[in-house]
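Residue numbers (this note's numbering): 117 to 444.
Here you go:
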């Protein structure tokens, strides 16, 4: 770990390599201990480095598992964990709260980028884009034919969104431009101006029957683990498309792979996976699975904004103010 600022400033442990502009600001404002090799750290590694460096704050990422054991091992000097993510399922919030540890996230700034990826997945899965790209790269394309790689037209199809928060609403806005009809299920019905004509379903399971395309946008919790299982897949119309930009754990991989392999579902577009990067090997052999390596927020603009948001929270805490994005 490298220090780029005077030791009189708060010591900030940065667990992964971040965009250049974010690291530059961190080095300017803190005694920043960076990770230029981008070495993946376990929770125990993070706790040990925090003790070694005298860290007072930690800027972690969604891939850093800070469970109760890791949090208990953090030195008492650590006051805040600012995560470079919206989701906080990688942090044991109950353990953090019990310890009096402040936890912040980065809401709002990745809405558009993630919604864009959801549409990319939707289009890529529907139009068999990865199959076509592989054909080109393998030199297997012999020319245009009338029946080659026929996909699904999104116009006029029914899009079901589960979890109509910021990202879900942004996906709906984009999907309307393709002529899709929007259905959604959410814990609470949105005001009419936010619904913008979308059809509300209080029961998400009842909505499944009208989802030509199903897009998942709810958080990972014990209650949502493997929510999309074999039983719920059977409620979807034959030939439906599933899109997931939420968390990999909300999908039962075995059930989804079986439905794709059998043709029960036409395709799936997935940006997140359970136990990533060690995704279920069954996906790799499926031509109708359009797969991306967790690119939801992967634009320069968005990742910079996420880093700056995390640093804003750290700045506030060390200035004695309330962190604007405090979760715990």
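Using N, Cα and C, we set each Cβ at its ideal position, and we do this for glycine too.
If you look at residue 376, you'll find it in the alpha helix (DSSP H) that goes 369 to 378. The continuous alpha helix (DSSP H) containing residue 141 extends over residues 136 to 145. For residue 385, the beta-bridge partners assigned by DSSP are 359, 406. With 16 or more other Cβ atoms from the protein chains shown falling within 10 Å of its own Cβ, residue 363 counts as buried. With fewer than 16 neighbouring CB atoms inside 10 Å of its own CB, residue 249 falls in the exposed class. Of all alpha-carbon atoms in 333, 366, 381, the one lying nearest the alpha-carbon of residue 282 is that of 333.
In this chain, the beta strand (DSSP E) harbouring residue 274 covers 274 to 278. The distance from the Cβ of residue 180 to that of residue 208 is about 12 Å, inconsistent with a contact at the 8 Å cut-off. Out of 434, 387, 426, the CA that lies nearest to the CA of residue 413 is found in 387. Residue 299 counts as buried, since at least 16 other C-beta atoms from the protein chains shown sit within 10 angstroms of its C-beta. The alpha-carbon separation between residue 338 and residue 145 amounts to approximately 38 Å. One thing to note: residue 189 has its Cβ within 8 Å of the Cβ of residue 163.
Less than 8 Å divides the Cβ of residue 288 from the Cβ of residue 277.
Judged by DSSP in its simplified three-state form, residue 182 adopts strand. Around the beta carbon of residue 366, a 10 Å sphere encloses 16 or more other beta carbons of the protein chains shown; the residue is thus reported as buried. Under the 8 Å Cβ criterion, the region 258 to 269 does not count as touching the region 197 to 217, having fewer than three qualifying pairs. The way I'd put it, the region 315 to 324 doesn't touch the region 222 to 233; fewer than three beta-carbon pairs between them come closer than 8 Å.
In the structure shown, residue 423 adopts helical secondary structure according to DSSP, grouped into three states. For residue 357, the CB contacts under 8 Å within the same chain, skipping 5 residues up- and downstream, are 238, 241, 242, 268, 328, 329, 330, 381, 382, 383, 384, 385 in chain order. Each residue's CA atom was taken as its position, placing residue 423 and residue 434 some 17 Å apart.
Among the bridge pairs identified by DSSP, residue 316 is matched with 300. Checking the DSSP bridge columns, you'll see residue 220 partnered with 198, 442. Counted as a single uninterrupted DSSP element, the stretch harbouring residue 127 is not any alpha helix (DSSP H) but the beta strand (DSSP E) occupying residues 127 to 130. In terms of CA proximity to residue 369, 400 leads the group 351, 400, 354.
Between the alpha carbons of residue 393 and residue 197 lies a gap of roughly 23 Å. Cβ neighbours of residue 302 within its own chain (closer than 7 Å, five residues either side excluded): 279, 280. Taking 8 Å as the cut-off, the beta carbon of residue 148 is found closer than this to the beta carbon of residue 128.
For residue 440 and residue 429, the gap between their C-alpha atoms comes out near 6 Å.
Residues of the same chain with a CB within less than 6 Å of the CB of residue 408, apart from the 5 flanking positions on each side, are 387 in chain order. Considering only 344, 262, 404, 159, the residue with the shortest C-alpha distance to residue 177 is 159.
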